[in-house]
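Residue numbers (full-length UniProt numbering), protein chains in the order written: chain A, 1 to 376; chain B, 1 to 123.
Yeah, the Cβ is synthetic: ideal placement off N, Cα and C, and Gly gets one too.
What follows is a single structure, written as structure tokens, with notes after it.
Shown next as structure tokens:
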């Protein structure tokens with residue numbers, strides 16, 4: 001697997017990040033920018049103006065052929081065949097036992113052409129699993145991760161920035177939609193796929209282009225964005241942004257030991273697909289039984305943050321009954337927030353729990369997710 | 001990154017400014033930078049005893065938490081109230097307004113000079 005590679009991979013934007021003074025971190029086998037200056041400033045820029053991210057480490061899997069929709073219906077828990085051309089859907093791929101192999105965004109680029117975007121840490125597993133799930137269907141499955149660079153512009157100013165650079169009708173592009181067009185780069189127009197999707201809780205766009213065009217697209221977006229307050233943004237702020245938006249992260253909220261139901265994502269599972277799907281039996285059973293633990297939001301009453309892995313304690317019994325999956329001081333709310341798995345009897349908003357926080361018990365209140373919703 | 005030559009350093013990235021038997025303590029610019037934007041600093045109280053090499057507080061950034069180790073042994077005689085209200089001082093001025101504690105030192109351990117600390121960072 002790529003994550004075991006001793007030499008981290010770099011994206012086609014590595015020289016750009018270095019020139020911008022990025023601090024790097026190893027992430028899923030890639031050397032990625034963790035921040036350029038201050039992750040708090042980058043976080044606030046995405047909430048108030050715009051941030052520019054390099055997401056080239058994400059994995060792409062393409063399915064083409066008359067059986068593409070049916071193959072994905074069998075491989076994934078959702079019904080990609082029902083996605084309209086030019087639209088996208090959040091989905092998951094599960095194992096036979098119902099455990100989550102990865103969470104995915106599925107784009108339908110054409111009647112018989114789908115683009116599945118997988119987490120960087122999982123693409124080496126997901127691509128063969130999708131291919132296995134598609135076995136017997138008239139479809140070609142290819143891991144095309146090497147053929148795509150991915151940039152994201154996220155924030156309230158992102159539509160205005162992107163609109164300056166493309167002939168596509170940006171205001172009309174709906175949330176979770178994708179279109180093919182061009183971006184006006186310094187040395188001429190560059191072909192891209194423009195999707196109105198993201199992982200920050202803000203309006204935003206993801207721009208897929210050839211790796212050889214990545215520097216040109218970055219330069220165009222940065223130049224057009226600067227007057228709007230756009231700044232380059234790294235993985236550190238991406239994590240606090242998605243946490244505030246209550247979005248799960250594979251390896252934290254989602255794992256092979258979790259089904260979509262524990263993660264409050266049962267809505268992505270379509271149990272009544274006529275031909276069944278990988279994991280159907282286990283998931284149907286899990287839905288019927290109800291989850292033994294549920295994902296909730298926690299807001300800490302103190303100043304120290306619950307962090308991933310910290311035990312959640314039932315204050316009535318003193319027993320460790322759950323675990324924090326992600327936690328950080330929220331830059332927007334200016335208090336510590338976390339997501340955690342707790343038993344159903346502690347999952348109602350308003351419930352007070354304790355978190356074992358580096359040796360001491362601290363109070364936290366269960367709240368509705370997400371912590372942050374943008375004004376639309 | 002240049003570390004002031006008038007200070008001493010621990011391998012855990014604290015700096016010490018010794019003046020007679022009192023020591024002003026903070027964390028280095030390297031440590032502050034590695035942590036990212038510090039949003040909360042948990043310091044011992046005035047009157048607490050701290051022990052060289054032992055944890056005496058925490059520095060928390062959006063990304064992670066780091067223990068603060070005391071580089072000296074003694075009694076805390078002053079803590080920097082300013083960083084409680086504005087933890088970003090540790091990032092913006094780690095060797096100055098972002099200082100953390102003043103300790104009345106009863107025992108010292110071997111600390112590094114700036115050259116040795118620079119060498120440690122480059123290693």
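Chain A contact for residue i (CB, 9 Å cutoff)
i                     : result
residue 13 (chain B)  : no
residue 108 (chain B) : no
residue 65 (chain B)  : yes
residue 116 (chain B) : no
residue 91 (chain B)  : yes
Residue i versus the options, residue with shortest Cα-Cα distance
i                     : options                       : result
residue 345 (chain A) : A:315, A:244 and A:331        : A:315
residue 23 (chain A)  : B:18, B:20, B:33 and B:80     : B:33
residue 201 (chain A) : A:303, A:239 and A:57         : A:239
residue 15 (chain A)  : A:178, A:32, A:28 and A:26    : A:32
residue 79 (chain B)  : B:97, B:66 and B:63           : B:97
residue 291 (chain A) : A:313, A:312 and A:262        : A:262
residue 286 (chain A) : A:46, A:266, A:68 and A:108   : A:266
residue 48 (chain A)  : A:18, A:364 and A:241         : A:241
residue 308 (chain A) : A:282, A:98 and A:324         : A:324
residue 299 (chain A) : A:322, A:317, A:273 and A:337 : A:337
Residue-level contact to chain B via CB, residue i, 9 Å cutoff
i                     : result
residue 40 (chain A)  : yes
residue 43 (chain A)  : yes
residue 47 (chain A)  : no
residue 196 (chain A) : no
residue 122 (chain A) : no
residue 352 (chain A) : no
residue 375 (chain A) : no
residue 1 (chain A)   : Residue confidence is low: residue 1 (chain A) scores 41 on pLDDT, short of 50, so the model does not pin down where it sits. Its coordinate-derived value is still stated next. Chain B contact via Cβ: absent.
residue 174 (chain A) : no
residue 23 (chain A)  : yes
residue 293 (chain A) : no
residue 372 (chain A) : no
residue 358 (chain A) : yes
Cross-chain neighbours of residue i in chain A, by beta carbon under 7 Å
i                    : result
residue 62 (chain B) : 39, 40, 236, 240, 328, 329 and 331
Start and end residues, beta strand (DSSP E) containing residue i
i                     : result
residue 18 (chain A)  : Note, residue 18 (chain A): premise wrong, no beta strand (DSSP E); alpha helix (DSSP H) at 14-19.
residue 365 (chain A) : 360-367
residue 23 (chain A)  : 23-27
residue 166 (chain A) : Here residue 166 (chain A) belongs to no beta strand (DSSP E), and DSSP marks it neither H nor E.
residue 181 (chain A) : 178-185
residue 335 (chain A) : 335-342
residue 311 (chain A) : 311-313
residue 329 (chain A) : 320-330
residue 218 (chain A) : Not the beta strand (DSSP E): residue 218 (chain A) falls in the alpha helix (DSSP H), residues 214-225.
residue 113 (chain A) : 113-118
residue 89 (chain A)  : 88-94
residue 62 (chain A)  : 59-64
residue 92 (chain B)  : Residue 92 (chain B) -> not in any beta strand (DSSP E); alpha helix (DSSP H) instead, spanning 89-92.
residue 19 (chain B)  : 14-19
residue 206 (chain A) : 204-209
residue 22 (chain B)  : 22-27
residue 285 (chain A) : Segment 280-289 is the alpha helix (DSSP H) holding residue 285 (chain A); no beta strand (DSSP E) there.
N- and C-terminal bounds of the alpha helix (DSSP H) containing residue i
i                     : result
residue 74 (chain B)  : It is not in any alpha helix (DSSP H) - residue 74 (chain B) instead sits in the beta strand (DSSP E) that spans 73-79.
residue 117 (chain B) : 114-122
residue 357 (chain A) : That residue, residue 357 (chain A), is in no alpha helix (DSSP H); its beta strand (DSSP E) goes 352-357.
residue 53 (chain B)  : Segment: none, residue 53 (chain B) is in no alpha helix (DSSP H) and carries neither H nor E.
residue 378 (chain A) : The structure shown does not extend to residue 378 (chain A), since chain A is modelled only from 1 to 376, so the question has no answer here.
residue 128 (chain A) : 123-133
residue 68 (chain A)  : 68-75
Contact set between residue i and chain B, taken where Cβ atoms lie within less than 7 Å
i                     : result
residue 305 (chain A) : 60
Residue i: contacting residues in chain B (beta-carbon distance under 8 Å)
i                    : result
residue 35 (chain A) : 36
Cβ-heavy atom distance, residue i to the ligand MN, below 8 Å
i                   : result
residue 9 (chain B) : What this structure holds is no ligand at all, so the ligand MN is not there to describe.
* Asked: Listed from N- to C-terminal order along the chain, which residues in the region 34-57 of chain B have their beta-carbon within a distance smaller than 9 Å of any beta-carbon of chain A?
  -> 34, 36, 37, 39, 40 and 42
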